[in-house]
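K.L.:
Positions in the sequence shown are counted from 1; adding 834 to them yields our numbering. Beta carbons are placed, not taken as given, at the ideal position from N, Cα and C, and that holds for glycine.
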Amino acid sequence: MIEHKLEQKLEQFLKENNRQYYEGSIKYKGLRERGTIDGKVRNFHLVSYMVSISDQPYDGDGFFYASFDEKTQHLVGILGPQSYENFE
């Protein structure tokens, strides 16, 4: 059930913030231990989605990964091919 809940949370966030993504591309990836930008190690739920990242027809799609806190399930950050946003 957590998988579906987090997929819905991410979809809602993307829609509310007018962010592009491919419909049907949002997928729960699992609980992972990852380092944070401040050097700590924590567990995060990861949810991926696909985005068009180029106007060029030959090189246009990339995966983004949203990290949700293991316990509170709030959105912590989004990692893209050449970007990182931190929401904490």
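1) Who are the near neighbours of Glu922 in its chain, counting only those whose CB is closer than 8 Å to its CB and skipping five residues on each side?
2) So that I know if they touch, is there some Cβ in chain D lying closer than 9 Å to that of Ser859?
3) Could you tell me whether the Cβ atoms of Val881 and Lys863 are closer together than 9 Å?
4) Measuring alpha carbon to alpha carbon, tell me which residue in His908, Asp893, Ile887 and Met835 is nearest Ser917.
5) Report the partner residues of Met884 according to the DSSP bridge assignment.
6) Would you mind reading off the limits of the beta strand (DSSP E) that contains Glu867?
P.N.:
According to the data block:
1) In the sequence shown, counting from the first residue as 1, residue 922 sits at position 88. Only Val910 and Gly911 meet the Cβ criterion.
2) Checking the listed chains, one finds no chain D in this structure; it contains a single protein chain.
3) Sequence index remark: in the sequence shown, residue 881 carries index 47 (1-based). Sequence index remark: in the sequence shown, residue 863 carries index 29 (1-based). Taking 9 Å as the Cβ cut-off, Val881 and Lys863 qualify as a contacting pair.
4) On the sequence shown, position 83 is the one that residue 917 refers to. Residue Ile887 is the option with its Cα nearest to Ser917.
5) Here residue 884 corresponds to residue number 50 of the sequence shown, with the count starting at 1. Answer by DSSP bridge pairing, in chain order: Phe897.
6) Along the sequence shown, read from residue 1 onward, the residue named residue 867 stands at position 33. That run of the beta strand (DSSP E) goes Lys861 to Gly869.
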